[in-house]
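**Student:**
Residue numbers (the working numbering): 46 to 512.
1. Three or more C-beta pairs under 8 Å: does that hold for the stretch 325 to 333 against the stretch 349 to 367?
2. Within the 7 Å Cβ cut-off, does residue 444 reach chain C?
3. Enumerate in chain order the residues of its own chain whose CB-to-CB distance from residue 236 is below 8 Å, with the five nearest sequence positions on each side excluded.
4. In angstroms, rounded to a whole number, what distance separates the CA positions of residue 89 and residue 448?
5. So does the stretch 113 to 126 actually touch the stretch 138 to 157, counting three or more Cβ pairs closer than 8 Å?
6. Please report the Cβ distance between residue 316 and residue 343, rounded to the nearest whole angstrom; I am assuming they are in contact, meaning their Cβ atoms lie under 8 Å.
7. How many angstroms separate the CA atom of residue 154 from the CA atom of residue 181?
8. Please report the distance separating the alpha-carbon of residue 46 from that of residue 201.
9. Entirely within the stretch 163 to 199 and at least 3 residues each: give me those beta strand (DSSP E) ranges in chain order.
10. Output the distance between the C-alpha atoms of residue 376 and residue 430, rounded to the nearest integer angstrom.
11. Using a Cβ-based criterion (distance less than 6 Å to any ligand heavy atom), does residue 154 qualify as near the ligand GTP?
12. Compute the Euclidean distance between the alpha carbons of residue 311 and residue 101, then round it to the nearest angstrom.
13. For residue 413, does the three-state DSSP call read helix, strand or coil?
14. State buried or exposed for residue 299, treating a residue as buried only when at least 16 other CB atoms are found within 10 Å of its CB.
15. Is residue 316 helix, strand or coil by DSSP?
16. Nearest-angstrom Cα distance between residue 493 and residue 95?
17. Going by the beta-carbon positions, is the gap between residue 383 and residue 258 smaller than 7 Å?
18. Could you spell out the range, first to last residue, of the beta strand (DSSP E) harbouring residue 331?
19. Tell whether a beta-carbon distance below 7 Å holds between residue 239 and residue 108.
20. Given that a residue counts as buried once 16 or more other Cβ atoms are within 10 Å of its Cβ, and exposed if not, what is residue 134?
21. Is residue 141 closer than 7 Å to residue 82 when the C-beta atoms are compared?
22. To which residues does DSSP link residue 128 through a beta bridge?
23. Take residue 478 and list the residues in its own chain whose beta-carbon comes closer than 7 Å to its own, dropping the five residues that flank it on each side.
24. When you compare the CB positions of residue 250 and residue 198, do they come within less than 7 Å of one another, or not?
25. Just to confirm, are residue 242 and residue 218 a CB contact at a threshold of 7 Å?
26. Can you grab the Cα-Cα spacing for the pair residue 450 / residue 125, in whole Å?
27. Determine the closest residue to residue 442 out of 470, 192, 419, with distance taken between C-alpha atoms.
28. Cutting at 8 Å between CB atoms, please list the residues of its own chain near residue 424, excluding the five before and the five after it.
29. When DSSP builds the beta bridges, which residues end up paired with residue 449?
30. In the DSSP assignment, the beta strand (DSSP E) including residue 252 goes from what residue to what residue?
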């Protein structure tokens, strides 16, 4: 990673802490590695990403319905899905300092994912030594042979810890959809092709998480399992690829920083016949933003086999029964929020109040993603201004997430709102007492416009819904 790009990540982490976007987890106790808490601003950002995703993929479509499945599932679920036997990473230990690392990730950081895709377990250690890949902790090039490490978190259900009470924290949300396929089909009478969407927590015992919230052990997924007849999978697959691309670019991501990457045949998951990733050019390089897999009929067929229950679709016209195939767009919610945060971060050279040049930091979020839509800023703490400012705040808060701020100079308050991406600031000044109007400042242009108080609601509505 170049110094400039590394500096960008440092700025993002610092801004996130300073402005209540993302905090280190359990910080007062020294933290817990790679856990993060979303602050007052961050939780609004995250909720808005959920809202736009749900609106785009569920609310505005007739062929997708929602679900919220439990995190804890019958352990047979993970036997059927292949996670118990095959959900693992190749781990190597440094013989000098005894730290443990993912061998494939160490190689990927140097050569890129394309160059090491599908590397065999027995080839990891020789490749690390041949390429002189150093231990990130001590700098030694002395690795043990790679071993498989299952990524699922284990826990126990009930009051005793025995093999009979063993359960797992789900490593993905997809299986909750597959085991409810028949329930959804019976209660909604959906016809193929149709999808089931879910947003929820997942857990993976990653050995080398990192890059802020990009890879963590606890995360949220936004997933769709879209069921089709086998003959229709390719057409629907291409349609979803286009829809997913438009989702990201439509909400402001720079298309020049996005690309499709197809998985090589030896890189495909055991359930996948074809997989593409939408990748984003993060400060540390290209990384997966969304995975897009054609899972065939693997999942429903496996759950039929292990449960003994029929998970089939009956064609209304012919009465023919078959196990549907599945297309899966899988988004990481935390990763998506981080990407919007990185892409929105902007530094601009502006002139300060005294005429000197200064750097303005602004998050240029799409208005639907911005955590706070409007800030109400009385020019003075005097009651003659705070009272009408509070009245305006109260009239707007049922429509949007609005923030009231009367602390420090108006310039500093503008900068604070710029740093959390607030599209509009409404200043109540002494002229307001006479002309019953306020000054509305646009985040992106910094232009100010005088607007009558009685027309403010409509003015903001038109602006916030214009995009």
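Virtual Cβ for every residue (Gly too), placed ideally from N, Cα, C.
Bear in mind that the values here come from a model prediction, so they are computed numbers and not experimental data.
**Tutor:** Taking the definition as stated:
1. no
2. Protein chain content of the structure displayed is limited to a single chain, and chain C is not contained in it.
3. If you number the chain shown from 1, residue 236 lands on position 191. Within the same chain, residue 236 has close Cβ partners 361.
4. If you number the chain shown from 1, residue 89 lands on position 44. If you number the chain shown from 1, residue 448 lands on position 403. Each residue's alpha carbon lies about 12 Å from the other.
5. no
6. If you number the chain shown from 1, residue 316 lands on position 271. If you number the chain shown from 1, residue 343 lands on position 298. Going by Cβ atoms, the distance from residue 316 to residue 343 rounds to 4 Å, so yes, they are a contact pair.
7. Against the chain shown, residue 154 aligns to sequence position 109. Against the chain shown, residue 181 aligns to sequence position 136. Each residue's Cα considered, the two are about 11 Å apart.
8. Mapped onto the chain shown, residue 46 falls at position 1. Mapped onto the chain shown, residue 201 falls at position 156. Confidence at residue 46 is low in this model, with a pLDDT of 47, below 50, so its placement is unreliable and no value can be given for it.
9. 192 to 195
10. Position 331 of the chain shown, counted from the start, is the residue given in the question as residue 376. Position 385 of the chain shown, counted from the start, is the residue given in the question as residue 430. Going from the Cα of residue 376 to the Cα of residue 430 covers about 46 Å.
11. You won't find the ligand GTP in this model; it holds no ligand whatsoever.
12. Walking along the chain shown from the start, residue 311 turns up at place 266. Walking along the chain shown from the start, residue 101 turns up at place 56. Their backbone Cα atoms lie some 33 Å apart in a straight line.
13. Here the question's residue 413 lines up with position 368 in the chain shown. Collapsing the DSSP output to three states places residue 413 in coil.
14. Taking the chain shown and counting its residues from 1, one reaches residue 299 at position 254. Counting Cβ neighbours within 10 Å, residue 299 comes out exposed, since fewer than 16 surround it.
15. By one-based count along the chain shown, residue 316 stands at place 271. Reduced to three states, the DSSP call for residue 316 is coil.
16. Along the chain shown, read from residue 1 onward, the residue named residue 493 stands at position 448. Along the chain shown, read from residue 1 onward, the residue named residue 95 stands at position 50. Near 32 Å, if we compare the C-alpha coordinates of residue 95 and residue 493.
17. In the chain shown, the residue the question calls residue 383 occupies position 338. In the chain shown, the residue the question calls residue 258 occupies position 213. The answer is yes: Cβ separation under 7 Å.
18. Your numbering for residue 331 matches position 286 in the chain shown. Counting along the chain, the beta strand (DSSP E) containing residue 331 begins and ends at 330 to 341.
19. Along the chain shown, one-based indexing puts residue 239 at 194. Along the chain shown, one-based indexing puts residue 108 at 63. Cβ distance < 7 Å, so residue 239 and residue 108 count as in contact.
20. For the purposes of this step, residue 134 is identified with residue 89 of the chain shown, where counting begins at 1. By the 10 Å Cβ count, residue 134 comes out buried.
21. Within the chain shown, residue 82 is the residue found at index 37, counting from 1. Within the chain shown, residue 141 is the residue found at index 96, counting from 1. No, the pair does not count as a contact, with Cβ atoms beyond the cut-off.
22. Numbered from its first residue, the chain shown carries residue 128 at position 83. According to DSSP, residue 128 bridges with nothing at all.
23. Start at 1 with the first residue of the chain shown, and residue 478 comes out as number 433. Answer for residue 478: 429, listed in chain order.
24. By one-based count along the chain shown, residue 250 stands at place 205. By one-based count along the chain shown, residue 198 stands at place 153. A contact, by the Cβ cut-off of 7 Å.
25. As a working note, residue 242 is residue 197 in the chain shown. As a working note, residue 218 is residue 173 in the chain shown. Their beta carbons are not under 7 Å apart, which means residue 242 does not touch residue 218 by this criterion.
26. Along the chain shown, one-based indexing puts residue 450 at 405. Along the chain shown, one-based indexing puts residue 125 at 80. Roughly 54 Å separates the two Cα atoms.
27. Numbered from its first residue, the chain shown carries residue 442 at position 397. Minimum Cα distance to residue 442 is reached at 419.
28. Indexing the chain shown from 1 puts residue 424 at position 379. Cβ neighbours of residue 424 beyond the five flanking positions: 430, 455, 472, 473, 474, 475.
29. In the chain shown, the residue the question calls residue 449 occupies position 404. Answer is 421.
30. Counted from its first residue, the chain shown places residue 252 at position 207. That residue, residue 252, is in no beta strand (DSSP E); it is neither H nor E in DSSP.
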